[in-house]
Structures are given as structure tokens and as C-alpha cells.
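S.K.:
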Ligand code: DGP
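In the working numbering, the protein residues as written are 6 to 118.
1) For residue 110, does the three-state DSSP call read helix, strand or coil?
2) Should residue 19 be listed as close to the ligand DGP, given that the test is whether its C-beta is under 7 Å from any heavy atom?
3) Taking the continuous alpha helix (DSSP H) assigned at residue 63, which residues delimit it?
4) Along the chain, where does the alpha helix (DSSP H) that runs through residue 10 open and close?
5) Does the beta carbon of residue 62 come closer than 8 Å to any beta carbon on chain C?
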């Protein structure tokens with residue numbers, strides 16, 4: 006999508022600090038970190054949000070989860086981490102290209118709201 010920030014990060018027209026990339030997905034540091042380690046993992050294809058996951062596009066989401074152990078190990082998150090996906094207005098999703106936040110590098114709080 007031409008007006009999508011994360012599609013522009015995928016095509017390289019907006020720079021990012023990449024931590025992992027393959028033909029289907031990209032992981033890069035969040036611009037506004039909320040933990041000592043804060044990385045976003047995105048599908049390269051434009052899927053707006055969790056609400057738009059279908060049988061047809063779910064493969065890339067599964068692929069993200071198969072790569073998260075490798076990505077988190079490379080980030081030194083052996084003691085654990087949190088995966089967050091915000092969806093829609095009530096979920097406070099600000100970028101409408103589905104992404105998973107990986108947060109870690111410290112003891113995180115117990116509350117999620
Ligand atoms: P969310 O609120 O779940 O939609 O999270 C969007 C995140 O994306 C937010 O933590 C800040 C981050 N972000 C927004 N624009 C950019 C950008 O241009 N580059 C990077 N690296 N992160 C961005």
C-alpha cells in the first residue's frame with residue numbers, strides 16, 4: 006500500500022534498523038521503544054490487522070511465529086519476552102499494517118492493559 010509506513014519500510018523507502026529479514030517477514034527496532042529491547046516483526050505483505058487474517062494469508066503469520074525464537078535469541082532475550090499485537094481503535098493500533106511488538110530486556114510488569 007503506497008501510503009503505509011511499514012510497506013515503505015519493507016520497500017526501503019523509509020529506513021529502519023533491521024534485526025531479521027527473509028522473503029516473507031521483516032523485524033526492526035521500534036522508533037519509540039517501550040522496553041530496553043523493543044522490536045517489531047511484520048509480514049512483508051500488507052495485512053492491516055489481526056481482523057484481516059484469513060486461511061489464505063495466515064501462512065505468513067505462522068512463519069513469523071516460527072522465526073520469533075531465532076529473532077529473540079539473537080536479541081539476547083533468553084530470560085523471556087512479551088509479544089503484543091494491537092488491533093483497531095480500542096487496541097490502540099496506530100500503524101495499520103499488522104505487526105507484533107517484541108518487548109524484553111527487563112522484568113516486564115504483570116498487567117497488560
Ligand atoms: P501500534 O501502536 O501497535 O500500532 O505500534 C506502532 C509502533 O510503530 C509504535 O510503537 C511506533 C512504531 N513506529 C511508527 N512509525 C515508525 C517508523 O517509521 N519506524 C519505526 N522503526 N517504528 C515506527
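Glycine included, every Cβ here is placed at the ideal spot set by N, Cα and C.
M.R.: Based on what the coordinates show:
1) Correct three-state label for residue 110: coil.
2) Taken from the Cβ of residue 19, at least one heavy atom of the ligand DGP lies inside 7 Å.
3) Run containing residue 63: 63-79, per the alpha helix (DSSP H) assignment.
4) Taken as a continuous stretch (DSSP letters only), the alpha helix (DSSP H) holding residue 10 covers 10-16.
5) The question asks about chain C, but that chain is absent: this structure has only one protein chain.
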